[in-house]
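J.: Every number in my numbering is 138 more than the matching position in the sequence shown, counting from 1.
The C-beta atom is built at its ideal place from N, Cα and C for all residues, glycine as well.
A quick note: this is a predicted structure, and the numbers were derived from the prediction, not measured.
Just passing along the structure, written as structure tokens.
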Amino acid sequence: MAREAEDVSHLPKSMGNIVDKDRARWRSNVSFILAAVGSAVGLGNVWRFPYLVSKNGGAPFLLPYILCLVFIGMPILLMELSLGQMFQGGDIEAFGRMNARLRGIGLASVFGSFVICSYYMVILSYAGLYFVGSFMSPLPYAIVGNVTI
Numbered sequence: 139m140a141r142e143a144e145d146v147s148h149l150p151k152s153m154g155n156i157v158d159k160d161r162a163r164w165r166s167n168v169s170f171i172l173a174a175v176g177s178a179v180g181l182g183n184v185w186r187f188p189y190l191v192s193k194n195g196g197a198p199f200l201l202p203y204i205l206c207l208v209f210i211g212m213p214i215l216l217m218e219l220s221l222g223q224m225f226q227g228g229d230i231e232a233f234g235r236m237n238a239r240l241r242g243i244g245l246a247s248v249f250g251s252f253v254i255c256s257y258y259m260v261i262l263s264y265a266g267l268y269f270v271g272s273f274m275s276p277l278p279y280a281i282v283g284n285v286t287i
């Protein structure tokens with residue numbers, strides 16, 4: 139059950155017609171929060187972060203990391219979510235509605251997402267390859283030279 143279109147009377151006249159009444163909406167706040175958390179947590183958080191913590195001094199590394207997260211990461215995330223809610227559109231459209239010259243920021247965001255997805259597919263394909271290979275007998279990576287591990 140989708141929510142009705144929100145009241146846009148508080149917006150400036152230049153932005154009065156930006157809400158698309160036919161655009162899909164989140165069914166509940168919980169589903170939105172779960173989707174936002176799911177997009178923020180990736181393989182880097184699970185695989186790379188513990189390695190970086192141990193490599194860069196352990197607990198003392200956490201203080202600058204948390205400061206950067208709070209003062210840089212969270213405000214940018216909040217800005218992205220706020221712009222998406224206000225303009226009811228993607229990156230290019232949201233920045234373009236603020237100023238036509240800002241469409242480049244939206245394009246850079248989309249290009250960055252494309253690059254991340256490109257290398258992420260390679261990582262997932264390696265994980266899938268090893269998963270399928272783990273069902274073979276003997277394991278393809280268990281034989282090194284003439285020695286079985």
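Can you tell me whether DSSP reads Val208 as helix, strand or coil?
T.: DSSP places Val208 in helix when its eight states are reduced to three.
J.: Within 10 Å of its beta-carbon, does Gly271 have 16 or more other beta-carbons around it, so buried, or fewer, so exposed?
T.: Exposed, because fewer than 16 other Cβ atoms sit within 10 Å of the Cβ of Gly271.
J.: If I measure Cβ to Cβ from Ser251 and keep anything under 6 Å in the same chain, skipping five residues before and after, which residues do I get?
T.: Result list for Ser251: empty, nothing under 6 Å.
J.: Helix, strand or coil, according to DSSP, for Val282 in the structure here?
T.: In the structure shown, Val282 sits in a strand (DSSP, three-state: E or B).
J.: Can you tell me which of Asn183, Leu219, Gly222 and Met217 puts its alpha carbon nearest to the alpha carbon of Tyr203?
T.: Taking only the C-alpha atoms, the option nearest Tyr203 is Asn183.
J.: Have a look at Ser123 and Phe273 and give me their C-alpha separation to the nearest angstrom.
T.: The structure shown does not extend to residue 123, since the chain is modelled only from 139 to 287, so the question has no answer here.
J.: Output the distance between the C-alpha atoms of Ile243 and Val208, rounded to the nearest integer angstrom.
T.: Those two C-alpha atoms are separated by around 22 Å.
J.: Give the straight-line distance between the Cα atoms of Met225 and Ala238, rounded to the nearest whole angstrom.
T.: Note that residue 225 corresponds to Phe in the displayed sequence, not to Met. Answer to the nearest angstrom: the Cα atoms are 14 Å apart.
J.: Contact check, Val248 vs Ile230 under 8 Å by CB: the rounded distance?
T.: Yes, they are in contact, since the Cβ atoms of Val248 and Ile230 sit about 6 Å apart, within 8 Å.
J.: I need the boundaries of the alpha helix (DSSP H) containing Pro276, first residue and last residue.
T.: That residue, Pro276, is in no alpha helix (DSSP H); it is neither H nor E in DSSP.
J.: Mapping the DSSP letters down to three states, classify Asn194 as helix, strand or coil.
T.: Note: Asn194 maps to coil in three-state DSSP.
J.: Enumerate in chain order the residues of its own chain whose CB-to-CB distance from Arg241 is below 7 Å, with the five nearest sequence positions on each side excluded.
T.: The residues are Ile230, Phe233 and Gly234.
J.: Rounding to the nearest angstrom, what Cα-Cα distance links Gly227 and Ile210 in this structure?
T.: The straight-line gap from Cα to Cα measures roughly 23 Å.
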